[in-house]
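Peer 1: Before we start, here is the structure in question, set down as structure tokens.
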Amino acid sequence: MAASIVVPSDITLLEEKKSIGSRQLYIIEKLGLLGMAPFMIRLHYSKMDKGDCRAVLSKKYDPDDKSEEGVIVQKRQESVRKAVVATNFMWGTAGTMAGLTWWSFRRYNYQARLVALPFIFYGGTFVGRMVGDMVTGRNAEFGRDRFLASLPAKVYYSTSA
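Here our numbering is used: the first residue of the sequence shown is 8, the next is one more, and so on.
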């Protein structure tokens, strides 16, 4: 059995080719990356983790480049940025809903609060995702752009390509 080798995906190679330098991340992007899972258990390389998102966001592209490849990497970066910024709204809404639940149960004992809190917080993450998508404009982007943002940055090497 051969060892599995992890290599950059095609889109990552294209990003490296079209990159003209690095850009500074905005504070809201840094906070959004902080709210993402710190690591992933990898059975398949099918998603982007925090480091991959940071790598995509930290590249700078030529805004005057109107080639197909340039447009693809710019749209991918913008879609990843929207997803990362929307993470802030997910956690903020969930925390706000949990805080309001805690406050509205102020006349009850702590056991009543603790029963309701995890359910409201979990529901708040779903509401927060919808709010974040609306605020960042992610709900109005094309399926192609969202697909570009979901492409993994690394894949397992296969000789059948």
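Glycine included, C-beta positions come from ideal geometry on N, C-alpha and C.
How is residue 42 classed by DSSP in three states: helix, strand or coil?
Peer 2: Coil, per DSSP.
Peer 1: Beta strand (DSSP E) containing residue 15: first to last residue?
Peer 2: Element bounds for residue 15: 13 to 15.
Peer 1: How long is the line joining the alpha carbons of residue 55 and residue 160, rounded to whole angstroms?
Peer 2: Cα to Cα, the separation comes out at about 6 Å.
Peer 1: CB-CB under 7 Å to residue 62, same chain, minus the five flanking residues each way: which ones, in chain order?
Peer 2: Excluding positions up to five away in sequence, the list reads 160.
Peer 1: Give the single residue among 21, 163 and 11 whose Cα lies nearest to the Cα of residue 74.
Peer 2: Taking only the C-alpha atoms, the option nearest residue 74 is 21.
Peer 1: Where residue 155 and residue 105 are concerned, what is the direct C-alpha to C-alpha distance, given to the nearest angstrom?
Peer 2: The alpha-carbon atoms of residue 155 and residue 105 are separated by roughly 34 Å.
Peer 1: Do you know whose CA, among 163, 167 and 157, lies nearest residue 59's CA?
Peer 2: The residue with the shortest Cα to Cα distance from residue 59 is 157.
Peer 1: On the premise that residue 100 lies in contact with residue 134, defined as a C-beta separation below 8 Å, what is that separation, rounded to the nearest angstrom?
Peer 2: Sure, about 5 Å apart at Cβ, within 8 Å.
Peer 1: Look at the alpha carbon of residue 79 and the alpha carbon of residue 109, and state the distance between them as a whole number of angstroms.
Peer 2: One C-alpha to the other measures close to 45 Å.
Peer 1: For residue 37, is the classification buried or exposed, using 16 other Cβ atoms within 10 angstroms of its Cβ as the cut-off for buried?
Peer 2: It is exposed - the Cβ of residue 37 has fewer than 16 other Cβ atoms within 10 Å.
Peer 1: Under DSSP, the beta strand (DSSP E) around residue 111 begins and ends at which residues?
Peer 2: Taken as a continuous stretch (DSSP letters only), residue 111 belongs to no beta strand (DSSP E), being part of the alpha helix (DSSP H) at 75 to 111.
Peer 1: Thinking just about the alpha-carbon of each residue, which of 76, 39, 48 and 137 is nearest to the one in residue 17?
Peer 2: It is 76.
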